[in-house]
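Counting from 1, position 66 in the sequence shown corresponds to residue 145 in my numbering; the numbering is continuous, with no gaps. Note that CB positions come from ideal geometry on N, CA and C, so glycine has one too. Accompanying notes for the structure given below.
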Amino acid sequence: MTGEPASRTVLDDGQIRHLELIQAVVARMGNNSFLIKGWALTLMGALLAFAAGNESRTVAATGFVPIVAFWLLDGYFLYKERLFRRLYDKVRRPGNGIEPFSLDASAGAEPAGALRAAGSLTVALFYGGLALAQLIALVVLF
80 MTGEPASRTV LDDGQIRHLE LIQAVVARMG NNSFLIKGWA LTLMGALLAF AAGNESRTVA
140 ATGFVPIVAF WLLDGYFLYK ERLFRRLYDK VRRPGNGIEP FSLDASAGAE PAGALRAAGS
200 LTVALFYGGL ALAQLIALVV LF
C-alpha cells in the first residue's frame, strides 16, 4: 500500500495544454485586478492632494466617481477570473465534453455576477476604505 488512489486519471498532452491556457487567462485577470487597485490608489492620492492644495471641494467630491468606476471594473475582472476557474475545474475532469482549447467560460455565468464579485469582502474592503478616506478628507478639509 503506497497510499495512492487506485484509479488515478492521467491527462493527455492536449488537456494539459488546455489547462495551461486557462491558467494563463486566470493569471492575467488576477494581474489586471492588481493593476486596477494600484491605479485607483494612485489616482485617489493625486486627487486628494490636488483638492487639498487648491482647497477645491468639487475636486474632492469628484473623487468618488473613479472609486466607483475602478470598483466595478475590479469586480468585473474578479468575476471573469471566477468564470475561468470554473472552466478549469470542468476541463480537468475526464469526459467533460468541453471542446479542446475552448475558452468559452459563459457556461458558468450568473446574473449580476460582476456586481456580486464587486461586493466580495476583499474588493469591498479595499474600495470601501478608499471611499471612506475620500469622505473623511472631504469632511475634514472642507
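Judging by CA-CA distance, which residue of the options is the nearest neighbour of residue i?
i, options, result
"E99", "L214, R171 and L194", "R171"
"F205", "G176, M123 and P173", "M123"
"Y167", "L182, L157, F156 and G174", "L182"
"D92", "P179, L220 and A210", "P179"
"R165", "S185, L220, A125 and G208", "S185"
"F143", "V89, L120, L90 and F156", "L120"
"L126", "G187, G208, Q213 and F221", "Q213"
"V89", "L220, A196 and P173", "P173"
"G208", "A131, V105 and V147", "V147"
"I226", "A131, L200, F221 and K169", "Because residue 226 is not part of the residues shown, which for the chain are 80 to 221, the question remains open."
"A196", "V104, N175, A210 and L157", "L157"
"P145", "A216, A210 and V219", "A210"
"L220", "S199, F129 and G198", "F129"
"H97", "I177, L200 and V218", "I177"
"A216", "G132, V104 and Q94", "G132"
Which residues bound the alpha helix (DSSP H) around residue i?
i, result
"R165", "F143 to V170"
"S92", "Reading off the sequence, residue 92 comes out as Asp, not Ser. Counting along the chain, the alpha helix (DSSP H) containing D92 begins and ends at D92 to N133."
"F205", "L200 to L220"
"A197", "G192 to A197"
**Study point:** Given 8 Å, three or more beta-carbon pairs between the stretch 191–209 and the stretch 154–170
**Key:** yes
Practice item. Would you check if there are 3 or more beta carbon pairs closer than 8 Å linking the stretch 111–118 to the stretch 136–153? Key: yes
Practice item. Could you tell me whether the stretch 103–110 touches the stretch 131–145, using the rule of 3 or more Cβ pairs below 8 Å? Key: no
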